[in-house]
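J.: Heads up, the sequence shown is in our numbering, so the first residue is 3 and it goes up one at a time. Handing you a structure now.
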Amino acid sequence: MLFGLDGVELSLIIVFATLFMAILSGYPVAFALSGSAIISFILIALGSELGWLLVEYEGEVYPLLAVHHQIFDGPAWVKGLDTLALWGNNNFSRAFGENQNDTLLAVPLFVLMGIALERSKIAEELLTSMGRLFGGMPGGLAVSVVLVGALLAASTGIVGATVVT
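Here it is as structure tokens:
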């Protein structure tokens with residue numbers, strides 16, 4: 003273990019350091035995020051291969067990117083492909099496992115409600131009438147937007163859904 007830190011802690015330091023340097027260098031945030039992710043992955047894989055990033059698990063020390071905590075004999079590129087395959091499989095199952103969440107079923111219905119409110123002009127008329135009611139006071143537009151949002155939140159049951167509508 004390098005500097006007495008666990009491999010996971012060092013990898014987090016690597017990720018944040020590369021992201022910090024990329025943002026401070028003046029690159030746009032989208033390129034800084036993607037570039038720092040690629041550079042961090044390369045540095046973490048290299049550090050794991052060289053034995054700098056180690057993880058202690060049940061009393062034994064393993065490289066950070068070992069496949070199922072097993073070190074295979076063979077060339078480094080085979081170990082790298084095994085590690086990449088494990089990483090890809092975990093992310094694949096994580097991405098498609100989130101789609102089976104029942105809460106996400108409400109998102110298209112909220113969008114449908116927003117489209118219905120827009121086409122029927124109900125939300126516009128409600129905001130216009132609230133603007134007339136609170137228009138004379140300072141911050142009246144803000145008050146009317148908050149009240150319309152509260153009414154829409156009460157109809158949907160979720161406050162965050164009013165952002166979509």
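Where a beta carbon is used, it is the ideal one built from N, C-alpha and C, also for glycine.
Under 8 Å between the Cβ atoms of V10 and S38?
T.: The answer is no: Cβ separation not under 8 Å.
J.: Looking at the structure shown, is S42 part of a helix, part of a strand, or coil, going by DSSP?
T.: The answer is helix: DSSP assigns S42 an H, G or I state.
J.: For F136, which residues in the same chain have their Cβ closer than 6 Å to its Cβ, ignoring the five residues on either side in sequence?
T.: Hits under 6 Å: G142, V145 and S146.
J.: Assign F151 to one of three DSSP states: helix, strand, or coil.
T.: Residue identity check: residue 151 is Gly in the sequence provided, not Phe. Helix, per DSSP.
J.: Cα-Cα, which of I46, L107 and V150 is closest to S131?
T.: The option with the nearest alpha carbon to S131 is V150.
J.: Thinking C-alpha only, which one of L21, G28 and L12 is nearest L48?
T.: Out of L21, G28 and L12, L12 has the C-alpha closest to the C-alpha of L48.
J.: Which whole-angstrom value describes the C-beta separation of I40 and V31, a residue pair presumed to lie in contact below a C-beta threshold of 8 Å?
T.: Actually they do not touch by this definition, with Cβ atoms about 15 Å apart.
J.: Return the first residue and the last residue of the alpha helix (DSSP H) that S131 is part of.
T.: Per DSSP, S131 belongs to the alpha helix (DSSP H) from I124 to F136.
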